[in-house]
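Undergrad: Right, I'll just put the structure down here and ask away after.
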Amino acid sequence: MVRALVTGGAGFIGGHLVDLLLECSYEVTVLDNLSTGSRSNLSEQILLVQADVRDVKQVREVMAGQDVLFHLGAFVSLPESFDRPEECHNVNVEGTRCLLEAAVAAGVGKVVFSSTSALYPELPDTPKHEDGPLEPLSPYATSKFEGEKLLDHFFRTCGLSYVGLRYFNVFGPRQRADSAYAAVIPIFISRALAKESLTLYGDGSQTRDFIFVKDVARANLLAAQTKHSGIYNVGSGLPMSILDLANQVCELLRSSDKHDYAPRRPGDLLSSTAAIERIGQDLKWQAEFSFAEGLQQTLEWWKNLE
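The sequence shown begins at 1 in my numbering and counts up one residue at a time.
Set out below in structure tokens:
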């Protein structure tokens, strides 16, 4: 039985990954400080170690005997990172360093690291390639870039095998809307369910690459199993405008499609789409859920909350 440590395993993506690992008969331990995650995202059989990724003693203890490390635990909010840049750096860079040092000491065979598409610059209507230009413009994106460089350093100096996954716009059940920094899909759903109008910034023509959370979990699983090391995009490869997204949510929930419009926010990208040829070739991964299928599952989860 493969033993896996999942940092951030009580979070949105981490919880879905843990579910998949259990289905595949992994022995799973979760390390999470529950700052944004919830015990309710985990089955009762999971060992949860409530600790910070920067806690050297706890990290070394929980790392012992593990075969693979899935590192999702992070300061995850890009907008909030502008308000708390030092904390973002400490958690995402120094926390990652602490984990990698412990992984080397414990003889862990593979590290799968959650990174971000926020590393890419604005390239209108052009898919983002892993080897293309990078331009991290936020403390959050910068910290993830530093995390990727740490992975490469430990690979070159210690032989620690890794895969870094640059997520595009992940959505699905359990994604929170109760934060000032929440993602667009849970915000739209919560407002539509409340029969409130949706707010679009700019004219809504900006596009995003939405990828269902269960597909992201499967990308993590395949990353742990591959012999390859390197960086991979995780997205659908299909752009969708924010206006189209708003209209689909309103149609499915029979809510008003009369939206409010506000000025475009500084720093908002006009387009963001993943190039997914590399992950398809090396990991044999592609999205199994269409956007419509993922959105339907997400809406059903929201309705069950009522």
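Backbone N, C-alpha and C fix where the C-beta goes; we use that ideal spot for every residue, glycine too.
1) Take D268 and list the residues in its own chain whose beta-carbon comes closer than 8 angstroms to its own, dropping the five residues that flank it on each side.
2) Quick check on the burial criterion: 16 or more other C-beta atoms within 10 angstroms. Buried or exposed for Q66?
3) Let me confirm a value: M1 is counted as buried when at least 16 other C-beta atoms fall within 10 Å, else exposed. Which label applies?
4) Any contact of the stretch 101–108 with the stretch 44–54, i.e. 3+ C-beta pairs under 8 angstroms?
5) What is the DSSP secondary structure of R166, counted as helix, strand or coil?
6) Nearest-angstrom Cα distance between F145 and I231?
7) For S272, which option in K149, P124, V249 has the closest C-alpha, if you only look at C-alpha atoms?
8) In or out: Y120 buried (at least 16 other Cβ within 10 Å) or exposed?
9) So within the stretch 65–139, which uninterrupted alpha helix (DSSP H) runs reach at least 4 residues, ignoring any that extend past its ends?
10) Run the CB neighbour count on L295, radius 10 Å, all protein chains shown included, and call it buried at 16 or more, exposed below.
11) Look at the alpha carbon of L99 and the alpha carbon of V59, and state the distance between them as a whole number of angstroms.
12) Which residue's Cα is closest to the Cα of F210: N92, V170, G109, Y140?
13) Could you check the C-alpha separation between T29 and A246 for me, to the nearest Å?
14) Should P173 go down as buried or exposed, given a rule of 16 or more other Cβ atoms within 10 Å for buried?
15) Any contact between the stretch 86–95 and the stretch 109–120? By contact I mean 3 or more CB pairs, one from each, below 8 angstroms.
16) From which residue to which residue does the beta strand (DSSP E) around N233 run?
TA: Concretely, from the data shown:
1) Your numbering for residue 268 matches position 268 in the sequence shown. Taken in chain order, the residues that qualify are Y201, G202, Q206.
2) Walking along the sequence shown from the start, residue 66 turns up at place 66. By the 16-neighbour rule on beta-carbons within 10 angstroms, Q66 is buried.
3) Stepping through the sequence shown from its first residue, residue 1 is reached at position 1. M1 is exposed by the Cβ-count criterion.
4) no
5) Taking the sequence shown and counting its residues from 1, one reaches residue 166 at position 166. The answer is strand: DSSP assigns R166 an E or B state.
6) Sequence index remark: in the sequence shown, residue 145 carries index 145 (1-based). Sequence index remark: in the sequence shown, residue 231 carries index 231 (1-based). Going from the Cα of F145 to the Cα of I231 covers about 11 angstroms.
7) For this step, residue 272 is matched to residue 272 along the sequence shown. Of the listed residues, the one whose Cα sits closest to S272 is P124.
8) Taking the first residue of the sequence shown as 1, we reach residue 120 at position 120. Label assigned to Y120: buried.
9) 78–81, 85–89, 95–106
10) For the purposes of this step, residue 295 is taken as residue 295 along the sequence shown, with counting starting at 1. Answer is buried; the Cβ neighbour count reaches 16.
11) Residue 99 sits at position 99 when you count from the first residue of the sequence shown. Residue 59 sits at position 59 when you count from the first residue of the sequence shown. Rounded to the nearest whole angstrom, the CA to CA distance from L99 to V59 is 7 angstroms.
12) Translated into the one-based positions of the sequence shown, residue 210 becomes position 210. That would be V170, whose Cα lies nearest to the Cα of F210.
13) Residue numbering aside, residue 29 sits at position 29 when the sequence shown is read from its first letter. Residue numbering aside, residue 246 sits at position 246 when the sequence shown is read from its first letter. Cα-Cα distance, rounded: 38 angstroms.
14) One-based indexing of the sequence shown puts residue 173 at position 173. Answer is buried; the Cβ neighbour count reaches 16.
15) No, they do not touch.
16) As a first step, residue 233 must be located in the sequence shown, where it is residue number 233. Taken as a continuous stretch (DSSP letters only), the beta strand (DSSP E) holding N233 covers 230–234.
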